[in-house]
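Residue numbers are given in the UniProt record's numbering: position 101 of the sequence shown equals residue 101, and the series is strictly consecutive. Note that CB positions come from ideal geometry on N, CA and C, so glycine has one too. Note that the structure is a prediction, hence the values are computed from the model and not measured.
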Amino acid sequence: MIILLTVLAVVVIIMVGYLSYVILDIRRLNQQMRFINRQTTNGHLQLHSRNREVVELTREINQLIDKHQQSAQNYVQSKNQLDLAIHNISHDLRTPLAVSSGYTQMLLKNGQLKVEDREQLEQVNSNLVSLTENLDLLLLYNRLIENRIQINLESLNVSEILQQAALKMYDALNAHHIKLELDIQPDVIWQIDKISFECIVQNVLGNVLDHGYRDAKVTLKIVETQLVLDVENSLDKPIKNPQNLVDRFYTEDLAGKTQNAGLGLYIISQLAKLLNGNADIKTQDLSFEIRLTLEK
Numbered sequence: 001m002i003i004l005l006t007v008l009a010v011v012v013i014i015m016v017g018y019l020s021y022v023i024l025d026i027r028r029l030n031q032q033m034r035f036i037n038r039q040t041t042n043g044h045l046q047l048h049s050r051n052r053e054v055v056e057l058t059r060e061i062n063q064l065i066d067k068h069q070q071s072a073q074n075y076v077q078s079k080n081q082l083d084l085a086i087h088n089i090s091h092d093l094r095t096p097l098a099v100s101s102g103y104t105q106m107l108l109k110n111g112q113l114k115v116e117d118r119e120q121l122e123q124v125n126s127n128l129v130s131l132t133e134n135l136d137l138l139l140l141y142n143r144l145i146e147n148r149i150q151i152n153l154e155s156l157n158v159s160e161i162l163q164q165a166a167l168k169m170y171d172a173l174n175a176h177h178i179k180l181e182l183d184i185q186p187d188v189i190w191q192i193d194k195i196s197f198e199c200i201v202q203n204v205l206g207n208v209l210d211h212g213y214r215d216a217k218v219t220l221k222i223v224e225t226q227l228v229l230d231v232e233n234s235l236d237k238p239i240k241n242p243q244n245l246v247d248r249f250y251t252e253d254l255a256g257k258t259q260n261a262g263l264g265l266y267i268i269s270q271l272a273k274l275l276n277g278n279a280d281i282k283t284q285d286l287s288f289e290i291r292l293t294l295e296k
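Printed below as a string of structure tokens:
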């Protein structure tokens, strides 16, 4: 009996020692994996263990790390190629678009055009304008992803900027039977980058023009230490995937009017971040709201 107990005690001691050794190996693996996950590194797990299972586990994990690193490299390479293609195509299209638009507008000035010819030319001109706007968005998108947006803060009357932008959009909104209500706090002075803010305003109002229905309201006000720009508009039909609205190149034809590049809301959200703010989107049934909040 004593011999049996002695043998069992020895076996238990050996098992405890073995488990302790395995636990120590796993702890070392965890430490290395935490380091690899938190740091930008091409490192692998390095473990000299006598346990065959631990060695095999280390080898399999290293293979997964290799696959992950290769996938990440392929993604970066594909993304860079796509960005370069967008940049090149956008610049290649700019000149012929400008020339075509110029010729079309010159022909429209001809007072002897037949009604049918004029209607066709006006449609061509409208399409050229849409293409040019989408091209401008692509170029701006390219500058955003390449971090080439320069933010130059200056004290500006943002109320006036918004009013002028809305005035320029007035005829186009009327043509689409959209009634725009303005609730703009007078003479709001804010430290802001003029080009970026104007781009945000143009894209917000452009979104109303492209996807709005019947009525819209634009509100600008200061709330404590924040500048709040709120734009609400009705929709002709509900949004299918609201969670995707700020994704790049995602678009829904919400008013049966047009298809665009799907970049407007993405650009608004990115520019808002550059201006120390954020853009929140809310949608419910046939209503849509985008709220831009900028901090001082």
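Tell me the rounded alpha-carbon separation between Leu205 and Ala72.
For this step, residue 205 is matched to residue 205 along the sequence shown. For this step, residue 72 is matched to residue 72 along the sequence shown. Near 38 Å, if we compare the C-alpha coordinates of Ala72 and Leu205.
So Gly277 is in the beta strand (DSSP E); what residue range does that whole segment cover?
As a first step, residue 277 is located in the sequence shown; it is residue number 277 there, counting from the start. Note, Gly277: beta strand (DSSP E), 277–284.
On the three-state DSSP scale, how would you describe Ser90?
Walking along the sequence shown from the start, residue 90 turns up at place 90. DSSP, reduced to helix, strand and coil, places Ser90 within a helical segment of the structure shown.
Quick check on DSSP: helix, strand or coil for Gln185?
Position 185 of the sequence shown, counted from the first residue, corresponds to residue 185. If DSSP states are grouped into helix, strand and coil, Gln185 belongs with coil.
Rounded straight-line distance, which links the Cα of Gln77 to that of His44:
Taking the sequence shown and counting its residues from 1, one reaches residue 44 at position 44. Taking the sequence shown and counting its residues from 1, one reaches residue 77 at position 77. C-alpha separation (whole angstroms): 22 Å.
Does the Cβ of Gln270 have 16 or more other Cβ atoms within 10 Å, making it buried, or fewer, making it exposed?
The residue labelled residue 270 in the question sits at position 270 within the sequence shown. With 16 or more Cβ atoms within 10 Å of its Cβ, Gln270 is classed as buried.
Report back the beta-carbon spacing between Leu180 and Val218 to the nearest angstrom; my notes put them in contact at under 8 Å.
Translated into positions along the sequence shown, residue 180 becomes position 180. Translated into positions along the sequence shown, residue 218 becomes position 218. 7 Å between Cβ atoms; contact.
Roughly how many whole angstroms lie between the Cα atoms of Leu274 and Ser155?
The residue labelled residue 274 in the question sits at position 274 within the sequence shown. The residue labelled residue 155 in the question sits at position 155 within the sequence shown. Each residue's Cα considered, the two are about 17 Å apart.
If you follow the alpha helix (DSSP H) that Thr132 is part of, which residue opens it and which one closes it?
Residue mapping note: residue 132 aligns to position 132 of the sequence shown, counting from 1. 115–145 is the extent of the alpha helix (DSSP H) around Thr132.
For a test of the three-state rule: what should DSSP assign to Val293, helix, strand or coil?
As a first step, residue 293 must be located in the sequence shown, where it is residue number 293. One detail in the question is off: residue 293 reads as Thr in this sequence, not Val. Thr293: strand per DSSP, three-state reduction.
Leaving aside the five residues before and after Glu232 along the sequence, list all residues of the same chain whose C-beta is less than 6 Å from its C-beta, in chain order.
As a working mapping, residue 232 is identified with position 232 in the sequence shown. Counting only Cβ-Cβ distances below 6 Å, and skipping sequence neighbours, we find Lys217, Glu289.
In chain order, what residues of the same chain lie with their CB nearer than 7 Å to the CB of Asn278, ignoring the 5 residues before and after it?
The residue you call residue 278 lines up with position 278 of the sequence shown. Result list for Asn278: Ala272, Thr293, in chain order.
Do you know how far the Cα of Leu209 is from the Cα of Lys257?
On the sequence shown, position 257 is the one that residue 257 refers to. On the sequence shown, position 209 is the one that residue 209 refers to. Confidence at Lys257 is low in this model, with a pLDDT of 49, below 50, so its placement is unreliable and the value that follows should be read with caution. Roughly 9 Å separates the two Cα atoms.
Just the Cα atoms here: how many angstroms apart are Asp117 and Leu137?
If you number the sequence shown from 1, residue 117 lands on position 117. If you number the sequence shown from 1, residue 137 lands on position 137. So the two alpha carbons sit approximately 30 Å from each other.
For Tyr141 and Ile267, I'd like the C-alpha separation in whole angstroms.
As a working mapping, residue 141 is identified with position 141 in the sequence shown. As a working mapping, residue 267 is identified with position 267 in the sequence shown. Rounded to whole angstroms, Tyr141 to Ile267 spans 7 Å at the Cα level.
Using the three-state DSSP reduction, which class does Ser100 fall into: helix, strand or coil?
Looking up residue 100 in the sequence shown gives position 100. Reduced to three states, the DSSP call for Ser100 is helix.
Where does the unbroken beta strand (DSSP E) through Asn157 begin, and where does it stop?
As a working note, residue 157 is residue 157 in the sequence shown. Taken as a continuous stretch (DSSP letters only), the beta strand (DSSP E) holding Asn157 covers 153–157.
DSSP state of Leu180 mapped onto helix, strand, coil:
Mapped onto the sequence shown, residue 180 falls at position 180. It is a strand residue.
Going by CA-CA distance only, name the one from Leu167, Leu220, Asp66 that's closest to Asp183.
Within the sequence shown, residue 183 is the residue found at index 183, counting from 1. For Asp183, the closest alpha carbon among the candidates Leu167, Leu220, Asp66 is that of Leu220.
Pick helix, strand or coil for Asp236, following the three-state DSSP scheme.
Taking the sequence shown and counting its residues from 1, the one referred to as residue 236 is at position 236. Coil at Asp236, not helix or strand.
Here's the rule I'm using: 16 or more other beta-carbon atoms within 10 Å means buried, otherwise exposed. How should Gly102 be labelled?
Locating residue 102 in the sequence shown gives position 102, counting from the first residue. The residue in question, Gly102, is exposed, as its Cβ has fewer than 16 Cβ neighbours within 10 Å.
Between Val201 and Ala165, which are expected to be in contact by the criterion C-beta below 8 Å, what is the C-beta distance as a whole number of angstroms?
By one-based count along the sequence shown, residue 201 stands at place 201. By one-based count along the sequence shown, residue 165 stands at place 165. The C-beta distance from Val201 to Ala165 rounds to 5 Å, short enough to fall under 8 Å.
Could you tell me the distance, in whole angstroms, from the CA atom of Glu295 to the CA atom of Leu162?
In the sequence shown, counting from the first residue as 1, residue 295 sits at position 295. In the sequence shown, counting from the first residue as 1, residue 162 sits at position 162. Distance between the alpha carbons of Glu295 and Leu162 is about 18 Å.
The ligand FMN and Glu53: does any heavy atom of the ligand fall closer than 8 Å to the residue's C-beta?
Among the components modelled here there is no ligand, and therefore nothing to report on the ligand FMN.
Option nearest Asn51 by Cα separation, candidates Ile23, Lys67, Arg38:
Here the question's residue 51 lines up with position 51 in the sequence shown. The option with the nearest alpha carbon to Asn51 is Ile23.
Tell me the DSSP secondary structure of Leu167 in three-state form.
As a working note, residue 167 is residue 167 in the sequence shown. In this structure, Leu167 counts as helix in the three-state DSSP scheme.
Specify, as a first and last residue, the run of the beta strand (DSSP E) that Lys273 falls within.
Against the sequence shown, residue 273 aligns to sequence position 273. No beta strand (DSSP E) contains Lys273, which is instead part of the alpha helix (DSSP H) from 264–274.
Excluding the 5 residues preceding and the 5 following Glu198 in the sequence, name in chain order all residues of the same chain whose CB lies nearer than 8 Å to its CB.
Reading the sequence shown from its first residue, position 198 is the one you call residue 198. Once the five neighbours on either side are set aside, the close Cβ partners of Glu198 are Ile161, Ala165.
Helix or strand or just coil, what does DSSP make of Ile149?
Against the sequence shown, residue 149 aligns to sequence position 149. In this structure, Ile149 counts as coil in the three-state DSSP scheme.
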